[in-house]
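Residue numbers (the working numbering): 13 to 421.
Beta carbons are placed, not taken as given, at the ideal position from N, Cα and C, and that holds for glycine.
Quick caveat, the model's predicted, so the values are computed rather than measured.
Contents: one structure, followed by commentary.
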């Protein structure tokens with residue numbers, strides 16, 4: 013039927029729906045609030061063809077749909093906790109919801125999202141000037157599990173690159189760090205287990221560093237650089253080559269997936285580091301690593317090897333010899349060159365690709381002298397978790413939090 017309502021001539025239709033196997037729905041609308049700007053949906057504000065994906069945390073099962081032309085959507089879901097991602101048309105937002113004994117409504121209002129996910133919504137950060145000593149980064153520590161956690165930053169950044177250490181090993185199941193919603197003054201992170209696990213993980217501790225993308229020099233002359241690479245290659249398909257400038261010797265290089273475009277378990281691996289370039293790829297769990305992965309933003313950070321200082325903060329970037337393997341009973345120790353007087357924040361990753369099976373690091377026993385580390389595989393394809401010796405790349409920064417200053421070059 014047709015009729016006038018608030019100035020609109022609307023057409024109403026009805027449709028019969030078959031009963032779903034679930035008694036409950038995730039439902040909502042994607043809209044841009046462009047007609048009335050009142051934070052509520054108004055006719056004409058709906059966004060069609062937005063992808064909506066719900067991933068159940070308990071077993072990683074995926075459920076998806078796309079929004080109608082009016083912006084509405086619905087997905088029949090059994091009770092549980094789900095990570096729900098809206099994507100398409102340059103949009104990307106993920107929320108966690110729990111369905112128990114009733115329907116859940118979750119809307120996407122696009123004017124609440126950053127127009128550029130690496131920029132702030134409320135405050136425009138300043139750009140460090142060449143030749144001046146500015147805050148270029150910060151670091152800290154956080155305890156987290158499988159639930160998303162928001163980290164608020166002390167400073168604001170134009171193009172932040174977030175590098176998070178591989179986790180400690182309080183929970184024995186394999187786990188990597190995933191990020192989402194990296195913005196100028198905050199980011200979100202959580203632990204992710206491989207798809208074959210139950211998705212629940214004990215609390216672990218990690219150190220993180222946020223640095224402005226670009227080329228920098230610390231007060232003592234130490235060179236460092238950071239950037240974002242858009243990649244979709246898995247290690248079964250090869251590596252992407254990333255060029256470097258300004259280094260006279262091979263730097264220590266660390267990397268981290270910045271986005272959550274694909275919910276499959278993923279980590280990064282590197283090889284062939286030199287003063288001019290390094291090679292970078294992603295790895296899914298071994299059972300799926302021969303397939304494909306959606307394009308992700310991959311952050312990378314490179315720093316001259318050795319002890320360094322920005323004038324206030326003592327730090328050390330280094331890559332070890334090929335000396336570290338799975339070591340189930342006890343982690344092997346990595347010793348610092350720097351004379352730390354306070355337990356440092358440690359960001360450590362695999363620094364080589366001698367073993368092709370999917371793997372990442374697990375850390376323990378961090379103190380002023382060094383830290384324990386082991387290489388951990390997973391069992392998605394087989395039960396074998398023995399891994400050949402690898403190098404470890406790490407960055408250690410004095411204390412549990414602080415700022416990093418430098419000069420643009």
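- For residue 36, the enclosing beta strand (DSSP E) covers residues 36-43.
- Nearest neighbour of residue 229 by Cα position, chosen from 329, 86, 388, 322, turns out to be 322.
- Residue environment analysis places residue 117 among the exposed positions, since fewer than 16 neighbouring C-beta atoms fall within 10 angstroms of its C-beta.
- Minimum Cα-Cα distance from residue 48 among the listed residues 63, 58, 89 corresponds to 58.
- Two segments are said to touch when three or more pairs of C-beta atoms, one from each, lie closer than 8 Å; by this definition the stretch 207-218 does not touch the stretch 77-84.
- Rounded to the nearest angstrom, the gap between the Cα atoms of residue 253 and residue 67 is 32 Å.
- In the displayed model, residue 122 falls within a helix according to three-state DSSP.
- By the C-beta criterion, the stretch 227-244 is judged not to be in contact with the stretch 183-191, since fewer than 3 inter-stretch pairs fall below 8 Å.
- For residue 110, the uninterrupted beta strand (DSSP E) segment begins and ends at 103-111.
- Close CB contacts of residue 91 within its chain, under the 6 Å cut and outside five residues either way in sequence, are with 111, 112 (chain order).
- Residue 402 is classed as buried because its beta carbon has at least 16 other beta carbons within 10 Å across all chains shown.
- Beta-bridge partners of residue 300 (DSSP): none assigned.
- By the criterion of a C-beta distance shorter than 8 Å, residue 159 is surrounded in its chain by 108, 202, once the five residues flanking it on both sides are discounted.
- Boundaries cannot be given for residue 306, as no beta strand (DSSP E) includes it and DSSP labels it neither H nor E.
- Listed as beta-bridge partners of residue 330 by DSSP are 406.
- For residue 98, the enclosing beta strand (DSSP E) has its first and last residue at 92-100.
- In this structure residue 283 is in contact with residue 251, their Cβ atoms being roughly 7 Å apart against a cut-off of 8 Å.
- Membership of residue 361 in the beta strand (DSSP E) is indicated by the continuous run 357-362.
- Looking at the DSSP output, residue 255 bridges to 289.
- Taken atom to atom, the span from the alpha-carbon of residue 208 to that of residue 260 is near 44 Å.
- Taking each of 370, 416, 120, 407 in turn and checking the Cα distance to residue 395, the smallest one comes out for 370.
- Residue 399 and residue 44 have their C-alpha atoms some 50 Å from each other.
- Of the residues assessed, residue 349 falls on the exposed side of the cut-off, its CB having fewer than 16 other CB atoms within 10 angstroms.
- Annotated three-state conformation of residue 161 is strand, per DSSP.
- Judged by DSSP in its simplified three-state form, residue 84 adopts strand.
- Here residue 291 has 251, 253, 283, 284 as same chain residues with Cβ atoms under 6 Å from its own Cβ, once five neighbours each way along the sequence are excluded.
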